[in-house]
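Chemist: Below you will find the structure I want to go over with you.
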Amino acid sequence: MQVTDLRPLHDWSGPPAVLSLWRPSAASMESAKRAPVSPVLPSYEQEQHLRAFRACEQRHEAMARLLVVVWEEPGRCDLRAMTHVVTEHLRRHDTYHSWFEELGGAIVRHVLTDPAAIQMEPSTLGEACAEDWQKHVMATPAPFAWDCFRFGILQRASGFTCFASIDHLHADATIIAFLMTEIRSAYRAVLDGERPLQLGSPGSYLDYCSSQRQRAAATTLADPEVSRWIAFLHRNGGRMPSFALPLGVLEDRYHAEYVHVDILEEAVMDAFESACHAAGARAIGGLLACAALTERELAGRSHYSVVTPTTTRRSPKAFRTSGWCVGVVPIDFDVQQRRFPELAFTAQRNFDERMSLAETPIELVLELAAGLPTVGSVASGGVMLSYMDVNVPPLSAQIAREWHQANGRVYINQGIAAQVAIWLFRTQRGLSLTAAYPANETARASMQRYVKAFAGACRRAADALVPTCLDVGRER
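In the UniProt record's numbering, the protein residues as written are 1 to 476.
Spelled out as structure tokens, the structure:
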């Protein structure tokens with residue numbers, strides 16, 4: 001199977017294999033049901049996700065809500081050992097100890113008082129083809145259910161595929177590779193009778209939620225971060241940024257489809273990063289510059305505007321904590337007739353200067369700005385560009401090697417989307433792009449044009465600095 005970085009779930013394929021699935025025991029479900037209400041509110045990320053899910057449910061729409069991490073292991077899976085490992089994983093991370101319900105328009109959290117009450121149980125379901133596996137993954141319970149997570153394996157004669165299907169409520173992309181490494185290391189340690197890889201203790205996602213809500217309670221419309229967010233929205237007509245090309249829809253909500261493309265091979269990506277450094281930027285600045293050049297080329301735009309997500313984890317312990325810890329950074333700058341080096345420097349400075357705005361949730365900004373006639377009331381719509389490099393901190397070289405050696409990859413289920421989303425991944429193989437966009441011919445044609453032009457802009461930036469390096473890379 002080809003190694004991928006992020007793909008839609010229906011792209012997964014493989015020969016039939018024996019499927020085993022881990023679910024919470026009946027006693028665990030009963031303990032969760034009795035869990036008392038907690039004073040800790042959901043994080044802004046969780047609340048937005050839960051409300052979006054409920055809106056989709058009321059419209060009878062599917063929601064893209066699952067993060068499915070998949071990797072390969074040799075030999076025959078020891079089900080007893082894996083049962084111990086997935087149970088300990090759920091006990092170890094306190095985000096899994098919560099479930100949510102709606103009460104009088106509010107969303108309240110229930111928390112299991114004793115993590116030891118969590119016990120996973122395996123069941124072997126027989127031979128499954130790719131479509132069968134996808135259906136089982138899609139059956140992962142919805143985010144208002146406590147057990148909105150599943151773990152499983154597909155056993156073949158030559159080895160087995162491990163997978164974890166986790167509702168976005170409890171995980172984000174930053175933690176995916178660490179999650180795989182934690183489970184993989186613990187499983188091998190149980191088999192070998194050795195101590196697992198010393199990854200360190202995780203932090204508390206409940207503490208993250210409490211801290212975020214405390215900061216929000218002290219935030220006002222006059223705060224500099226809120227003012228900068230509102231100024232950004234004003235420059236975009238009171239809304240989030242719009243995609244540069246026609247999408248064939250007028251509404252913000254649409255059924256999404258996906259495209260996955262390898263943009264730059266390893267040698268070319270190395271050259272691209274060198275071009276970024278020569279311009280006084282990092283890869284994120286260079287990629288934002290290329291996106292701006294793409295919009296200028298295709299749509300004649302002289303001003304670039306986008307939001308880019310970034311982790312809000314700020315300590316080594318936080319990077320070992322499962323949960324959803326992501327904010328977005330508003331980016332906009334003039335393009336005019338400027339060339340890549342100047343744009344990369346400008347984009348990088350823009351990104352660095354606005355990083356602190358990710359700590360102020362856009363949902364909070366809209367709450368505070370509700371009385372302003374020039375700011376819209378919905379944070380959805382627009383375009384998002386995300387970049388992740390799995391080779392550098394917070395994902396260590398050791399974790400990156402584990403991910404590569406185990407053929408790690410991530411899948412997302414299809415559903416209704418409220419924006420054009422572009423994910424860029426830097427791995428040991430180079431740079432890949434996955435995009436979600438409206439499922440219609442107009443948007444499909446626009447995205448094909450965009451991806452081709454964006455890849456060309458990245459390659460030209462790399463070519464301009466070290467063409468000899470690229471020539472060598474293309475001969476491989």
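Glycine included, C-beta positions come from ideal geometry on N, C-alpha and C.
Between the alpha carbons of Y187 and M180, how many angstroms are there, rounded?
Modeler: As a working mapping, residue 187 is identified with position 187 in the sequence shown. As a working mapping, residue 180 is identified with position 180 in the sequence shown. So the alpha carbons of these two residues sit roughly 11 Å apart.
Chemist: Alpha carbons only, please: which of A218, E182 and E367 is nearest the one belonging to P202?
Modeler: The sequence position of residue 202 within the sequence shown is 202, counting from 1. Checked all of A218, E182 and E367; the closest Cα to P202 is E182.
Chemist: Write down the C-beta distance between F243 and P330 rounded to the nearest angstrom, noting that I regard them as a contact closer than 8 Å.
Modeler: Stepping through the sequence shown from its first residue, residue 243 is reached at position 243. Stepping through the sequence shown from its first residue, residue 330 is reached at position 330. With a Cβ gap of about 16 Å, F243 and P330 do not count as contacting.
Chemist: Excluding sequence positions up to five away, which residues of its chain have a Cβ less than 6 Å from the Cβ of E342?
Modeler: Position 342 of the sequence shown, counted from the start, is the residue given in the question as residue 342. Same-chain partners within the cutoff: there are none.
Chemist: So is E57 buried or exposed if we call it buried at 16+ other beta carbons inside 10 Å?
Modeler: One-based indexing of the sequence shown puts residue 57 at position 57. Looking at its Cβ environment, which holds fewer than 16 other Cβ atoms inside 10 Å, E57 is exposed.
Chemist: If you draw a straight line from the alpha carbon of I362 to that of L125, how long is it in whole angstroms?
Modeler: Working through the sequence shown from its first residue, we reach residue 362 at position 362. Working through the sequence shown from its first residue, we reach residue 125 at position 125. Near 43 Å, if we compare the C-alpha coordinates of L125 and I362.
Chemist: Can you tell me which of the three DSSP states G371 falls into?
Modeler: The residue you call residue 371 lines up with position 371 of the sequence shown. Reduced to three states, the DSSP call for G371 is coil.
Chemist: How would you write the range of the beta strand (DSSP E) that L385 sits in, first residue to last?
Modeler: Here residue 385 is taken as the residue at index 385 of the sequence shown, counted from 1. That run of the beta strand (DSSP E) goes V383 to D389.
Chemist: Which residue wins for smallest C-alpha separation from L385, given the options A436, D262 and R429?
Modeler: Against the sequence shown, residue 385 aligns to sequence position 385. Per the Cα distances, A436.
Chemist: Taking 8 Å as the cut-off, does the stretch 269–284 touch the stretch 222–238 (at least 3 CB pairs, one atom from each stretch)?
Modeler: Touching, no.
Chemist: Taking the C-alpha atoms as reference points, what is the distance between T310 and S356?
Modeler: Counting from one through the sequence shown, the residue named residue 310 turns up at place 310. Counting from one through the sequence shown, the residue named residue 356 turns up at place 356. Near 10 Å, if we compare the C-alpha coordinates of S356 and T310.
Chemist: With a cut-off of 8 Å, does the C-beta of A139 fall near any C-beta of chain B?
Modeler: No chain B is part of this structure, which consists of one protein chain only.
Chemist: Taking all protein chains shown into account, do 16 or more other C-beta atoms lie within 10 angstroms of the C-beta of Q337, making it buried, or fewer, making it exposed?
Modeler: As a position in the sequence shown, residue 337 is number 337, starting the count at 1. Result: exposed.
Chemist: Which stretch, first to last residue, makes up the beta strand (DSSP E) that contains C162?
Modeler: Walking along the sequence shown from the start, residue 162 turns up at place 162. From DSSP, the beta strand (DSSP E) with C162 extends over G159 to D167.
Chemist: Can you tell me whether S302 is helix, strand or coil according to DSSP?
Modeler: Residue numbering aside, residue 302 sits at position 302 when the sequence shown is read from its first letter. Reduced to three states, the DSSP call for S302 is coil.
Chemist: Closest to H234 by CA distance: which of W146, G152, R213 and L372 is it?
Modeler: Your numbering for residue 234 matches position 234 in the sequence shown. Here the closest residue by C-alpha is L372.
Chemist: Rank A177, Q119, G237 and R109 by C-alpha distance to the C-alpha of F144 and give the top, closest one.
Modeler: Position 144 of the sequence shown, counted from the start, is the residue given in the question as residue 144. Among A177, Q119, G237 and R109, the Cα nearest to that of F144 is on R109.
Chemist: If we require 3 or more residues per run, which beta strand (DSSP E) segments fall completely within the stretch 76–103?
Modeler: Complete beta strand (DSSP E) runs here, min 3: 98–103.
Chemist: Who are the Cβ neighbours of T346 in its own chain at under 7 Å, not counting the five residues just before and after it?
Modeler: Position 346 of the sequence shown, counted from the start, is the residue given in the question as residue 346. If we look at T346 and ignore the five residues flanking it on each side, its Cβ neighbours are F333.
Chemist: Within the same chain, show all residues whose beta-carbon is closer than 7 Å to that of A289, passing over the 5 residues directly before and after it, in chain order.
Modeler: Working through the sequence shown from its first residue, we reach residue 289 at position 289. Here the set comprises F340, L343, A344 and A347.
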